[in-house]
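Novice: Dumping the structure here so I can ask a few things about it.
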Amino acid sequence: MRAAIECDRVGFAYTKRPILHEISLRIQAGEMVGLLGPNGAGKTTMLRIIAGMLRPEAGHVRVLGQAPGWRTLFHTALLPERGHLPGWLTVGEWFTHARRLYPDWSEESERRLVADLALRLDRPIARLSRGEVTRVGLVTCLARRAEVVLLDEPFTGIDPLGREIIASAMVRECGELGRTVLMATHDVRELEPLFDRVLFLKDGSIAADETADAIRARGLSVASRYREVFSP
Ligand SMILES: Nc1ncnc2c1ncn2[C@@H]1O[C@H](COP(=O)(O)OP(=O)(O)OP(=O)(O)O)[C@@H](O)[C@H]1O
-16 MRAAIECDRV GFAYTKRPIL HEISLRIQAG EMVGLLGPNG AGKTTMLRII AGMLRPEAGH
44 VRVLGQAPGW RTLFHTALLP ERGHLPGWLT VGEWFTHARR LYPDWSEESE RRLVADLALR
104 LDRPIARLSR GEVTRVGLVT CLARRAEVVL LDEPFTGIDP LGREIIASAM VRECGELGRT
164 VLMATHDVRE LEPLFDRVLF LKDGSIAADE TADAIRARGL SVASRYREVF SP
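Residues -16 to 215, numbered by the numbering used here, are exactly what the sequence shown covers, in order.
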C-alpha cells in the first residue's frame, strides 16, 4: 500500500533544545491517525515539519513521496494550532478568497460545512470567538480536496454538540473520501471512534504506535491505553 506520510529517524531542536528524537513512522494513504501525548510532547512541531513549515535537523520526511515544500503544499491541508486567518475580512469574504487561493477547493463541501458548522458569513473574523475561529479553520481545511489533512487540536474552543457535528463532518469529508488524516488532540475520548491508528508521543519520541483494533482486542479503549502509556 502507498505511504502518504513517511518519517525516517526525524530529529528536531529549537535553539539547541532537542524536541523530537528519531521519529520513524509510515502512514498509509486513507488512514485516520491520532497523534496523542501530553503538553509539550512535540505534536505541533511534528505536524509543522510534515506540513513543510519547519525543516527537520536530522532524518527525512516524505509526503506523497516528496520532501515537504511548495509541491506538497498543493496536496496538504493544515489546521494550525493558532489563528492564521485574516481578521480584517468577514467569514464569507475569506471563503471567496480561499476559493481562488486553493485550486482543490470544493464549493459543494464549503456549502455543506458552512451549514453544518452554523457559520454566519457576514461576521468579521476579528470578532469571532475561539470556537468560531476553529470552525472557520476547519471549513478552510476540509473544503479542500487535499489528499493529506493535518489537524492540530480540531476541537479547540468547540462546544459539546459542535464536537459531535464536526466529528461526523470529518468522517464524511475525509474518511469516506479516503483522505489521509493525522490529527493532534487531547480530546481522546470524543475522537477515538474516528481513529484507525494512534501514535503516542512522549518527550519527543514515539512511545507506542498501535491500531485502534489492536487496542480494542486487548479490551482497552484508546483513552485507557493513553493512561497506561502516560501515567507516571
Ligand atoms: N518557537 C519555539 N521556540 C522554542 N521552543 C518551542 C517553540 N515552539 C515550541 N517549543 C517547545 O517545543 C516543545 C514541544 O512543543 P509542541 O508545541 O510541539 O508540543 P505539543 O505536544 O503540541 O504541546 P501541546 O499539547 O501543549 O500543544 C515544548 O516544550 C515547547 O515549549
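Just so you know, even glycine gets a beta-carbon here, dropped at the ideal spot from N, CA and C.
#1: For the 8 angstroms Cβ check, are there 3 or more pairs between the region 160 to 169 and the region 135 to 144?
#2: Should G23 be listed as close to ligand 1, given that the test is whether its C-beta is under 7 angstroms from any heavy atom?
#3: Establish whether the CB of L203 and some CB of chain C are separated by less than 8 angstroms.
#4: For T79, does the three-state DSSP call read helix, strand or coil?
#5: Quick check: the Cα distance between I189 and E91, rounded to an integer number of angstroms?
#6: According to DSSP, simplified to helix, strand and coil, what is G42?
#7: Taking 7 angstroms as the cut-off, is the CB of A34 close to at least one heavy atom of ligand 1?
#8: Does D196 come out as helix, strand or coil in the three-state DSSP assignment?
#9: If you measure from the CB of A167, is any heavy atom of ligand 1 nearer than 7 angstroms?
#10: Only counting the same chain, and skipping five residues up and downstream in sequence, which positions put a Cβ closer than 8 angstroms to that of K185?
#11: Where in the region 116 to 176 do unbroken runs of the alpha helix (DSSP H), each at least 4 residues long, occur, reported from the N-terminal end onward?
#12: Do R113 and T73 come within 8 angstroms of each other at the CB atom, strictly closer than that value?
#13: What does a CB cutoff of less than 8 angstroms around L160 pick up in its chain, not counting 5 residues either side in sequence?
Specialist: If we stick to the structure as given:
#1: yes
#2: Within the sequence shown, the letter at position 40 stands for residue 23. Yes, Cβ of G23 sits closer than 7 angstroms to a heavy atom of ligand 1.
#3: Here there is only one protein chain, and chain C is not present.
#4: Taking the first residue of the sequence shown as 1, we reach residue 79 at position 96. Of the three classes helix, strand and coil, the one that applies to T79 here is helix, per DSSP.
#5: Walking along the sequence shown from the start, residue 189 turns up at place 206. Walking along the sequence shown from the start, residue 91 turns up at place 108. Cα-Cα distance, rounded: 38 angstroms.
#6: Indexing the sequence shown from 1 puts residue 42 at position 59. Note: G42 maps to strand in three-state DSSP.
#7: Here residue 34 corresponds to residue number 51 of the sequence shown, with the count starting at 1. Not so, every heavy atom of ligand 1 lies at least 7 angstroms from the Cβ.
#8: Residue 196 sits at position 213 when you count from the first residue of the sequence shown. D196 falls in the helix class under three-state DSSP.
#9: Taking the sequence shown and counting its residues from 1, the one referred to as residue 167 is at position 184. Yes; taking the cut-off as 7 angstroms, the Cβ of A167 has a heavy atom of ligand 1 nearer than that.
#10: By 1-based counting over the sequence shown, the position of residue 185 is 202. Excluding sequence neighbours, K185 sits near G20, P21, A24, V212, F213.
#11: 143 to 153, 171 to 174
#12: Here residue 73 refers to the residue found at position 90 when the sequence shown is read from its first residue. Here residue 113 refers to the residue found at position 130 when the sequence shown is read from its first residue. Their beta carbons are not under 8 angstroms apart, which means T73 does not touch R113 by this criterion.
#13: Translated into positions along the sequence shown, residue 160 becomes position 177. Result list for L160: R128, in chain order.
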